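Inspection log for the structure reproduced underneath, given as structure tokens.
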Amino acid sequence: MPGCGSAADLPPLLAMGHDVLAVDFSEAAIELAARQWPEAAGRLLLADFFQLQMPAFDCLFERAFLCALPVGMRSQYAERVAALIAPAARWPGVFRGGHREGPPFGMQAEALRELLSPWFELEEDLALDESVAVFRNRERWMVWRRRGFDLGQVSEHESTGNCGAHRKE
């Protein structure tokens, strides 16, 4: 969970059985999250998402990080997510639409598709029935899938003629 803030989505994701790492560069946010969710404190990481060096994640969860970033950082964020998520992995989350002074900075659907299409393909796009009043009718549940594959993850053509794709450990 990049830019997790107070990490309100962390306990429900853990309860669903997901192995979650919540990241924020704000020490105050991480401390607040640790106080609010002491049982999940070990899943919180004080770090700059843009400098994070980790093996590829099977999934990243977007809640409010993209809309909190200055508009000029959007492409950097999309590229960083693409670098940190495994090929063909999913990137689900809540994405905010609309033109609005911010933060949070809303984003029109076409602009979001244009931003993400070099790395991701939209699989699911649903209106949210429940949202806080300020975001009502402007938040969408979306699931994006990472495009392509990493040549470093494909094994050499085996002598049997089969080509096996293996994930690096």
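So the sequence shown is numbered by UniProt numbering: it starts at 1 and just counts up by one.
For glycine and all other residues, C-beta sits at the position ideal for the given N, C-alpha and C.
All figures in this text were calculated on a predicted structure; none of them were measured in a lab.
Rounded C-alpha distance that separates residue i from residue j
i           : j    : result
F105        : G97  : 8 Å
residue 220 : V20  : With the chain running from 1 to 169 in the structure shown, residue 220 is simply not present.
M54         : R147 : 20 Å
C67         : E124 : 19 Å
S131        : L52  : 30 Å
L78         : R138 : Looking at the sequence shown, residue 78 is not Leu but Ala. When rounded, the distance between both Cα atoms is 20 Å.
E62         : G93  : 4 Å
L69         : R145 : 22 Å
F114        : H18  : Note on residue identity: the sequence assigns Glu, not Phe, to residue 114. Distance between the alpha carbons of E114 and H18 is about 30 Å.
G102        : A127 : 21 Å
Residue range of the unbroken beta strand (DSSP E) whose run includes residue i
i   : result
E39 : E39 -> no beta strand (DSSP E), and no H or E assigned at all.
V81 : Segment 74-84 is the alpha helix (DSSP H) holding V81; no beta strand (DSSP E) there.
As assigned by DSSP and simplified to three states, the class of residue i
i    : result
E101 : coil
A47  : coil
F135 : helix
F25  : coil
S155 : For S155, the predicted model reports a pLDDT of 36, less than 50, meaning its position is unreliable; a value from the coordinates is still stated below. Three-state result, S155: coil.
Contacts around residue i, its chain only, beta-carbon distance under 7 Å, and the 5 residues preceding and following it disregarded
i    : result
D58  : A86, A89
L44  : A7, A22, I30, A33, A34
L151 : Interpretation of L151 is limited by its pLDDT of 37, a score under 50 that renders its predicted location unreliable; no figure is taken from the coordinates.
Segment limits, alpha helix (DSSP H) that includes residue i
i    : result
F57  : Careful: F57 lies outside any alpha helix (DSSP H), inside the beta strand (DSSP E) at 57-59.
F120 : Here F120 belongs to no alpha helix (DSSP H); instead the beta strand (DSSP E) covers 120-127.
C67  : 65-68
L112 : 109-116
Proximal residues to residue i (C-beta, below 6 Å), its chain only, five neighbours per side dropped
i   : result
F50 : R80
L32 : S6
F25 : D48
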